[in-house]
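Peer 1: Structure in structure tokens, see below.
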């Protein structure tokens, strides 16, 4: 099915915009933009012009009577990141309705791996910081996997890895995001105002009714969602923000109301799978603007020279986050899957090897976007532990990506060799003539 059933427009500059949005839909491009934005923030925050960076991040805009006078950094974390969570919600719903999470026998392995991959890093963090109770609030920082970053690395280094391995990572990361959303909603929400929460829920319900009733119209008209659904979605986000619940949850809630085709094996009627079309349309906005801008404002940490770097390295928060992401994630994923196969009749897909799962486990240690968000929620504003946690997240994500790439590149080379060998066996024409000719007897 075409992602966009509407006739392609021909306004001036459309071709250029189309090329850019097509580029932004590539997983590797989104990951690179995320890294570039974070690097710019780190360099700027530690340069002689650092005051300009922090002044920019702290500029407040918005309407105070609606509780919307926020700093640019808060707008990025609470507002723009809701776009990212909207896409996460769309992917979650599609996987639950028609994808790998639809059947228990195919979902149980990555779901178990996801839960174990959250529990073990949290336990490692708690074990390291338990002597300082004030630091326990950061237990969830090393539990999240950055799905965009992890999939981008896999796309770069895993051209010949088995298809089930990528599905395993996607399912694991999607469930991991769902757990992270639940953690934010339950553990990082303090005072809740029931009236704004009820109004937000009513608006979300209205959003869903309109999306279902007009799904064919929204599918045919690419700009209709921006004109009709975006203002309603913004109102739901604003009331949820006023209620005290972290506003990014609105993105997931709104996404769950979008209609999804019941099964990918069934013929999809025009406009039926609106979730797929919305994911296609809005991914460039998330990958090109929302996530990089959030990373730019969240990753800017002033290290404070050599003395500050030593303090950050020796902070139990830093040690706990790095150990949780780099060691806890792969250990939890492997232990979870191993225990599942030992105590039940569930078996791994024959195409998956334990060394491949170890590589994916290391890849899951990339905890960039959601981990940065949880770090900002874990400690009081202005706490040095927030900055130390961010430094740890970026260092751990870099280390995890390097280790995972090393393992997966070796495995990718192995699978490439096997594929070439199978191709040679299947087609004798691919075998050089020297190998096809019978060997002549040695006349000497």
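Residue numbers (the working numbering): 1 to 444.
Glycine included, every Cβ here is placed at the ideal spot set by N, Cα and C.
DSSP on residue 60, reduced to helix/strand/coil?
Peer 2: Note: residue 60 maps to strand in three-state DSSP.
Peer 1: Can you round the beta-carbon distance between residue 143 and residue 366 to whole angstroms, since I take them to be within the 8 Å contact cut?
Peer 2: Going by Cβ atoms, the distance from residue 143 to residue 366 rounds to 13 Å, so no, they are not a contact pair.
Peer 1: Got a sec? Which residues, its chain only, sit under 7 Å from residue 308 by beta carbon, not counting five neighbours each side?
Peer 2: Within the same chain, residue 308 has no close Cβ partners at all.
Peer 1: At a cut of 8 Å, does the region 314 to 330 reach the region 351 to 366 through at least three beta carbon pairs?
Peer 2: Yes: at least three Cβ pairs fall under 8 Å.
Peer 1: From 390, 370 and 356, pick the residue whose C-alpha is nearest to that of residue 412; which is it?
Peer 2: For residue 412, the nearest C-alpha among the options comes from 356.
Peer 1: In the DSSP assignment, what are the bridge partners of residue 71?
Peer 2: Paired residues: 60.
Peer 1: Can you tell me the Cα-Cα spacing of residue 315 and residue 135, whole angstroms?
Peer 2: Computed Cα separation, rounded: 10 Å.
Peer 1: Which first and last residues belong to the alpha helix (DSSP H) in which residue 297 is found?
Peer 2: Its alpha helix (DSSP H) spans residues 291 to 298.
Peer 1: Check this for me: beta carbons of residue 352 and residue 164, under 7 Å apart or not?
Peer 2: Yes, they are a contact pair.
Peer 1: Going by alpha carbons, who is nearest to residue 448 out of 30, 297 and 299?
Peer 2: What the structure shows of the chain is the stretch from 1 to 444, and residue 448 is not part of that stretch, so it cannot be assessed.
Peer 1: Quick check: residue 46 and residue 303, are their CB atoms within less than 7 Å of each other?
Peer 2: In contact: residue 46 and residue 303 (Cβ atoms closer than 7 Å).
Peer 1: For the alpha helix (DSSP H) containing residue 131, list its first residue and its last residue.
Peer 2: No alpha helix (DSSP H) contains residue 131, which DSSP labels as neither H nor E.
Peer 1: Mind checking which residues open and close the alpha helix (DSSP H) that includes residue 353?
Peer 2: Element bounds for residue 353: n/a, residue is neither H nor E.
Peer 1: Please state the DSSP three-state secondary structure of residue 191.
Peer 2: Here residue 191 sits in coil by DSSP.
Peer 1: Terminal residues of the continuous alpha helix (DSSP H) containing residue 381?
Peer 2: Careful: residue 381 lies outside any alpha helix (DSSP H) and carries neither H nor E.
Peer 1: Cutting at 6 Å between CB atoms, please list the residues of its own chain near residue 124, excluding the five before and the five after it.
Peer 2: Cβ neighbours of residue 124 beyond the five flanking positions: 323, 324 and 328.
Peer 1: Suppose you measure from the CA of residue 424 to the CA of residue 155; what does that come to, to the nearest Å?
Peer 2: Rounded to whole angstroms, residue 424 to residue 155 spans 26 Å at the Cα level.
Peer 1: Would you tell me roughly how many angstroms separate the C-alpha atoms of residue 128 and residue 320, rounded to the nearest one?
Peer 2: Going from the Cα of residue 128 to the Cα of residue 320 covers about 6 Å.
Peer 1: Can you tell me which of 88, 40 and 160 puts its alpha carbon nearest to the alpha carbon of residue 420?
Peer 2: Residue 420 has its Cα closest to that of 160, out of 88, 40 and 160.
Peer 1: What residue range does the alpha helix (DSSP H) around residue 333 cover?
Peer 2: Element bounds for residue 333: 329 to 343.
Peer 1: Starting from residue 284, follow the alpha helix (DSSP H) in both directions and report where the run begins and ends.
Peer 2: 274 to 285 is the span of the alpha helix (DSSP H), which, as asked, contains residue 284.
Peer 1: Let me check understanding here. Comparing Cα to Cα, which of 201, 222 and 210 lies closest to residue 237?
Peer 2: Cα-wise, what sits closest to residue 237 is 201.
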